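K.L.:
Residue numbers (the numbering used here), protein chains in the order written: chain A, 1 to 475; chain B, 1001 to 1475. For each residue, glycine too, the CB sits at the ideal point set by N, CA and C. The structure displayed is predicted, hence computed values, not measured ones. Quick one: the structure is below, questions incoming.
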């Protein structure tokens, strides 16, 4: 019989805890290919559930799914200077077909702006064709030196939305509509709190005018960027010569947005919600929402009754029944480790009493419920778990967010307290770079823009402040 | 206003007809990348619908979805000799990361047997772990010299199932279960008839013991292989050193199956069902099942009434209403070209009479139906369209299937009549190769195995016959 493998405690070594949890729970496993991950059934189903719900929301915006090639001729990247400079070091290059050298090297897409622009060029003719809203679910490649499952992998998975609009204001509106859609998705579906706002100039997407982000605080206080939405202006349109006949019969360049959420999000779920027993999965996307563990399974009638119980709830929930030969205690640990939100214990005494014991993964709370009340009761318990997970994470985020107004304060906090630091900033890249190079703090997002006559001073340079910024170490 | 683009008639130039139809209907468009296709929204949605239904059927077999890397180290292919020999000429090679040369070349997966075997090696320990049934939806790469949309592309999309079993008989049963699943899927979902059976030795999958296929006859009489299911024996298990503790506490090698259906299937749909007006899509997967065309749209009340009509049927069907400024005639052509199974014409007189005109794409038949009866009636009409499409294609397949018993007859038929040829074969590769090299006929599948004492002679060699084989030109 397999033994339940032990997990390194979070406070002993958070990085090892993370690796233990994501591999032992079956979310991922290492492959023979450096930096490329495997998603076994459990991890794959989690991603499918996340994808289905996000996809449903994206379709509601009117965006249509398309499929564009993975391979991009290297020359296509040359059109937009900032863009190619941002991505070229991460290019993976196809150079040969069999033993034959290709006429031009092909890049495995690190993002698909250039291909979408080529598509837009061929398909946008008149203002009647706008807005054109497209989305793609795809695998993406960025050569990475140091990789970690989900957080930084050479191959990862995402959706990338690309939209073109008649006017700047429409495109900016779309950027914000998606920013809000991502915010809502994190709160409603993944129970993840965050701080959100615009990226600074140096942290925005290569080629964007403006990048909007949300940053989730992990258990160790480190930030994880989860989903970005870019307003790209008309730079790409000009570079790729995309024009449309406007309402005045003239030619205009459309305005561009792109936006994406990736498999990194799985890392955010693990490191926000997990505990020393393992994963805690948000009920709305958990591959198994409730697992039934029969007690004294080999006593006559128990297994059949437990199967019937599982069947009755499987119509409304994603369920599983553990009929292996392991002991109940072993099973409890196993399904806790794998983050199943609800465990249902059901044995001879329960059968006699027409009740069962429901155990919440988030709190460990045990609730005795009449079997008849289960079908209606479980969705409410799942909802309560979702809310508790969100509240708990938000509480931690608040507790671990510190305010600083001088460089000394920033340094002191950075040395002694993990988490986010809110501090005013003058907007100059020199001071931003200084924090990054000396104490590895990066600007995560701009929380607030101060009025022009503010008396507040930049915590770093001492000059007049322009923005309130969240600073943190980041994955 | 856009003009409806003309389509080359099928009998004038079938290849041009095909290209016209798949590009003008929005199923695909050419990309800047040689041999790699784009699926715009319409084509992408068709594939999504096909995928959803096939995926639902595959999940019912107990197979679980996983994700494995796209990049495979070249050395991993060396383990199985037949397999690498079959695929090496089609390898696309990643050699560089940025400007840095990789220590080992990486192959873009042309199929994933070697990665699945690595996964099985790490995850199969005991007979209790078997059967292990996995499936992956993925993009696949095979360098192709001559490419055609959907039929032969450098990047294509598929599902690939990979299963491991305790015994040969279980693995062979799985191979046949999937063979039947694919058969049912073609008949029930895509309205495609076919011939089916085992591949000959020279036509089977590189590394397989046995390959099962079905071959669909296109309008021009040429065969298209659509979905294969392989029994791979224990060759891969031995090559990759995959073992499990059997019930007698000894070590055994598990038996392997793999199977897949690809985006080629879209080509099969187009070339089986389409006509000179364009696509005819099978109702079960058509992105739009019924399109509403308002007549005299600018007359007061018509547009609102038409929208209401569409809304009322959109709960049970995938619908669209064409409110563009084009004329009704233009709209009819447009939606016929795009293969929408049902068109609903609705104008002032219809509104008055509380009826509407339903036009079938497959027959052109016009049916006047009471608006009240629409919601219940349309699903029956879609069903009738599906059946008629299947019957029509089957009738053509039968009509264009010819029997031959001598080489002269085969030659005569091949010269004068497109289609399938059924002819007895001795089983020797020499005669099979001869047909291929002289008149481009390949063995598509074995229909029947003759008894050992058969008096029948091989149509090619004149030796005693072993099999009844379907011979045809193939895409």
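For residue 451(A), is the classification buried or exposed, using 16 other Cβ atoms within 10 angstroms of its Cβ as the cut-off for buried?
P.N.:
Exposed, because fewer than 16 other Cβ atoms sit within 10 Å of the Cβ of residue 451(A).
K.L.:
What are the residues of the segment 1066-1094 of chain B that lie near chain A, defined by any Cβ-Cβ distance shorter than 8 Å?
P.N.:
Of all residues in the segment 1066-1094 of chain B, 1066, 1067, 1068, 1069, 1070, 1071, 1072, 1073, 1076, 1088, 1089, 1090, 1091, 1092, 1093, 1094 have a Cβ within less than 8 Å of some Cβ in chain A.
K.L.:
What did DSSP end up calling residue 475(A) once you bin it into helix, strand or coil?
P.N.:
Looking at residue 475(A) - three-state DSSP - the assignment turns out to be coil, as it is neither helix nor strand.
K.L.:
With distances taken from CA atoms, which of 1064(B), 1142(B), 1424(B) is nearest residue 48(A)?
P.N.:
Answer by Cα proximity: 1064(B).
K.L.:
In three-state DSSP terms, what is residue 199(A)?
P.N.:
Of the three classes helix, strand and coil, the one that applies to residue 199(A) here is coil, per DSSP.
K.L.:
Excluding the five sequence neighbours on either side, which residues of its own chain have a C-beta within less than 6 Å of the C-beta of residue 181(A), listed in chain order?
P.N.:
The answer, listed in chain order, is 57.
K.L.:
Going by DSSP, which residues form a beta bridge with residue 264(A)?
P.N.:
Answer is none; residue 264(A) lacks a bridge partner.
K.L.:
Taking the C-alpha atoms as reference points, what is the distance between residue 38(A) and residue 28(A)?
P.N.:
Rounded to whole angstroms, residue 38(A) to residue 28(A) spans 5 Å at the Cα level.
K.L.:
Tell me which residue opens and which closes the beta strand (DSSP E) that residue 1164(B) is part of.
P.N.:
1155-1165 is the span of the beta strand (DSSP E), which, as asked, contains residue 1164(B).
K.L.:
Within 10 Å of its beta-carbon, does residue 159(A) have 16 or more other beta-carbons around it, so buried, or fewer, so exposed?
P.N.:
Per the 10 Å Cβ criterion, buried.
K.L.:
Under 6 Å Cβ to Cβ from residue 1139(B), same chain only, skipping five residues before and after it: list those, please.
P.N.:
If we look at residue 1139(B) and ignore the five residues flanking it on each side, its Cβ neighbours are 1155, 1157.
K.L.:
Decide if the segment 168-182 of chain A is in contact with the segment 276-283 of chain A; the criterion is three or more beta carbon pairs, one per stretch, under 8 Å apart.
P.N.:
With a cut-off of 8 Å, the segment 276-283 of chain A and the segment 168-182 of chain A do not count as touching, because too few Cβ pairs lie within range.
K.L.:
Taking DSSP as the reference, what is the three-state secondary structure of residue 1327(B)?
P.N.:
Three-state result, residue 1327(B): coil.
K.L.:
Grouping DSSP H, G and I as helix and E and B as strand, with all else coil, what is residue 1344(B)?
P.N.:
Note: residue 1344(B) maps to strand in three-state DSSP.
K.L.:
For residue 422(A), which of helix, strand or coil comes out of DSSP?
P.N.:
Residue state, collapsed to three classes: strand.
K.L.:
Hey, does residue 146(A) have any beta-carbon neighbour from chain B nearer than 8 Å?
P.N.:
No - not a single Cβ of chain B is within 8 Å of the one on residue 146(A).
K.L.:
Could you please give the first and the last residue of the uninterrupted beta strand (DSSP E) stretch that includes residue 366(A)?
P.N.:
Note, residue 366(A): beta strand (DSSP E), 366-370.
K.L.:
Residues of chain B with CB closer than 8 Å to the CB of residue 48(A), please, in chain order.
P.N.:
Result: 1065.
K.L.:
Sorted by chain position, which residues of the same chain lie with C-beta nearer than 6 Å to residue 1347(B)'s C-beta, five sequence neighbours on each side aside?
P.N.:
Around residue 1347(B): 1295, 1296.
K.L.:
Does any residue of chain B bring its CB to less than 8 Å from the CB of residue 258(A)?
P.N.:
So no, residue 258(A) is outside the interface.
K.L.:
Which whole-angstrom value describes the C-beta separation of residue 465(A) and residue 441(A), a residue pair presumed to lie in contact below a C-beta threshold of 8 Å?
P.N.:
Contact flag wrong, Cβ pair sits at about 17 Å.
K.L.:
Step through the CB atoms of chain A and report whether any lies within less than 8 Å of the CB of residue 1297(B).
P.N.:
Not closer than 8 Å to any Cβ of chain A, the Cβ of residue 1297(B) fails to qualify, so no.
K.L.:
For residue 1097(B), write down the residues that DSSP places opposite it in a beta bridge.
P.N.:
Paired residue(s): 92(A), 1100(B).
K.L.:
Do residue 268(A) and residue 187(A) come within 8 Å of each other at the CB atom, strictly closer than that value?
P.N.:
Result no, Cβ atoms of residue 187(A) and residue 268(A) do not sit closer than 8 Å.
K.L.:
Restricting to runs no shorter than 3 residues, where is the beta strand (DSSP E) found entirely within the segment 250-313 of chain A?
P.N.:
Complete beta strand (DSSP E) runs here, min 3: 255-262, 290-294.
K.L.:
Is it right to say residue 1343(B) is buried, meaning 16 or more other beta carbons lie within 10 angstroms of its own, or is it exposed?
P.N.:
The residue is buried, with at least 16 neighbouring Cβ atoms inside 10 Å.
K.L.:
Considering only residues of the same chain and omitting the five flanking positions on each side of residue 1142(B), which have a CB-CB separation below 7 Å?
P.N.:
The residues are 1090, 1110, 1154.
K.L.:
For residue 99(A), which residues of its own chain have a beta-carbon under 7 Å away from its beta-carbon, when the five flanking residues on both sides are left out?
P.N.:
Hits under 7 Å: none found.
K.L.:
DSSP state of residue 1019(B), grouped into three classes?
P.N.:
Residue 1019(B) falls in the helix class under three-state DSSP.
K.L.:
Report yes or no: is there a C-beta of chain A within less than 8 Å of the C-beta of residue 1340(B)?
P.N.:
By this cut-off, residue 1340(B) is not an interface position.
K.L.:
For residue 1098(B) and chain A, any beta-carbon pair shorter than 8 Å?
P.N.:
Closer than 8 Å: yes.
K.L.:
Sort out for me which residues DSSP pairs residue 1141(B) with in a bridge.
P.N.:
Looking at the DSSP assignment, residue 1141(B) forms a beta bridge with 1155(B).
K.L.:
Which residues of the segment 151-166 of chain A have a Cβ closer than 7 Å to any Cβ of chain B? Give them in chain order.
P.N.:
If the cut-off is 7 Å between Cβ atoms, the segment 151-166 of chain A has 155 near chain B.
K.L.:
Pick from 1112(B), 1352(B), 1285(B): whose alpha carbon is nearest that of residue 1300(B)?
P.N.:
It is 1352(B) whose Cα lies nearest to the Cα of residue 1300(B).
K.L.:
Determine the direct distance from the alpha carbon of residue 272(A) to that of residue 393(A), and round the result to whole angstroms.
P.N.:
Distance between the alpha carbons of residue 393(A) and residue 272(A) is about 7 Å.
K.L.:
Would you please verify whether the beta carbon of residue 1127(B) is less than 8 Å from any beta carbon of chain A?
P.N.:
Chain A, which has no Cβ nearer than 8 Å to the Cβ of residue 1127(B), makes this no.
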